[in-house]
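This report concerns only the one structure given below.
Residue numbers (our numbering): 31 to 357.
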């Protein structure tokens with residue numbers, strides 16, 4: 031999987047007449063092989079259908095649990111450009127985002143199970159960077175412990191199943207990820223990171239990387255503050271998944287589906303406190319950002335995530351704090 035020539039030959043064996051198609055590298059850590067290996071025994075289209083159906087089902091359950099007006103929200107989620115991109119790219123992001131969303135939906139009622147779901151999503155680690163910050167800041171110790179244990183066990187199982195060489199091959203393939211985020215091996219308009227936005231603005235790699243570092247620190251600070259102080263779980267969840275996208279240097283437009291989940295939790299807060307007109311506009315921008323980004327060839331997904339996070343924090347400041355709710 032991590033040897034470019036061998037993977038290219040495998041891709042061409044599946045896609046007839048695909049010699050002119052670009053090469054798609056496999057950059058997931060070896061834990062992801064445990065997810066896709068059983069699918070390899072199936073015909074290609076059957077494996078695709080199973081993988082996408084599983085992700086869609088989990089995301090659908092998460093959205094339905096987020097708000098009482100779940101039918102409309104479910105329609106908006108499944109019609110979102112990020113959902114379309116996930117499915118048409120056959121992306122494991124769909125399953126990872128579903129697991130992360132389900133973990134948040136279960137966190138207050140089943141913390142041990144919630145943490146296990148976070149750990150199982152570690153095959154896409156860049157999406158869960160800020161989950162430990164949230165769990166620690168929110169004092170969800172049981173979920174933190176089970177997430178850590180599940181992630182370690184998943185890595186250990188992949189080590190036993192595929193051997194240590196596959197981990198060395200994965201580490202050797204990581205420069206390909208660096209080429210994507212720094213040099214535009216994947217078009218910057220298809221990326222959703224602050225780093226990509228900086229590169230489009232003409233910043234050299236060190237400055238764009240520093241800008242991404244600032245975004246990560248700010249995103250982590252926002253998550254820590256919200257999960258320590260905000261009493262509304264829906265708003266906490268929305269802040270976390272939006273900040274997770276904004277803080278990661280390696281996210282593409284299909285990973286923006288996490289932001290679509292954030293919109294579901296935002297709508298839940300709107301049912302208690304009516305939205306301002308500009309909040310609706312920001313939410314619409316965040317929903318459509320992947321499509322707009324590819325249409326105008328600009329990394330608008332990062333800008334929409336930043337705007338949405340600012341909206342969420344402004345709303346959080348106006349709500350009672352956890353300390354107020356306890357008194």
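We treat Cβ as the ideally placed atom computed from N, Cα and C, and that holds for glycine.
Nothing here was measured: the structure is a model prediction, and the numbers come from that model.
Residue environment, residue i, which counts as buried when at least 16 other CB atoms sit within 10 Å
i           : result
residue 345 : buried
residue 144 : buried
residue 359 : No information on residue 359 is available, as it lies outside the stretch 31 to 357 that the chain covers here.
residue 229 : buried
residue 262 : buried
residue 204 : exposed
residue 45  : exposed
residue 272 : buried
residue 72  : exposed
residue 176 : buried
residue 303 : exposed
residue 191 : exposed
residue 264 : buried
residue 80  : exposed
residue 348 : exposed
residue 317 : buried
residue 355 : With a pLDDT of 48 at residue 355, under the threshold of 50, the modelled position of this residue cannot be trusted, and the question is left open.
residue 83  : exposed
Expected contact under 8 angstroms - CB spacing of residue i and residue j to nearest Å
i           : j           : result
residue 343 : residue 289 : Incorrect: roughly 15 angstroms between the Cβ atoms, too far for contact.
residue 249 : residue 160 : 6 angstroms
residue 285 : residue 222 : 6 angstroms
residue 130 : residue 151 : 5 angstroms
residue 235 : residue 217 : About 17 angstroms; that fails the 8 angstroms criterion.
residue 196 : residue 60  : 5 angstroms
residue 147 : residue 64  : Residue 147 to residue 64, Cβ: 15 angstroms. No contact.
residue 331 : residue 323 : 5 angstroms
residue 154 : residue 106 : Their Cβ separation, rounded to whole angstroms, is 23 angstroms, which puts residue 154 and residue 106 out of contact at 8 angstroms.
residue 274 : residue 293 : About 14 angstroms separates the two Cβ atoms, so there is no contact after all.
residue 206 : residue 57  : 6 angstroms
DSSP three-state assignment for residue i, whether helix, strand or coil
i           : result
residue 339 : helix
residue 324 : helix
residue 356 : Since pLDDT at residue 356 reaches only 47, below the 50 mark, its modelled position is unreliable, and the value read off the structure follows with that caveat. In the structure shown, residue 356 sits in a helix (DSSP, three-state: H, G or I).
residue 272 : helix
residue 118 : helix
residue 295 : helix
residue 208 : helix
residue 239 : helix
residue 56  : coil
residue 304 : coil
residue 41  : helix
residue 254 : helix
residue 216 : coil
residue 346 : helix
residue 90  : helix
residue 110 : coil
residue 330 : helix
residue 104 : helix
residue 233 : coil
residue 158 : coil
In DSSP terms, what residue i is bridged to
i           : result
residue 282 : 221
Start-to-end residues for the alpha helix (DSSP H) that takes in residue i
i           : result
residue 61  : 61-66
residue 33  : Looking at the DSSP string, residue 33 is not in any alpha helix (DSSP H), and its letter there is neither H nor E.
residue 71  : Here residue 71 belongs to no alpha helix (DSSP H), and DSSP marks it neither H nor E.
residue 171 : 171-192
residue 163 : 161-167
residue 144 : 141-150
residue 135 : 123-136
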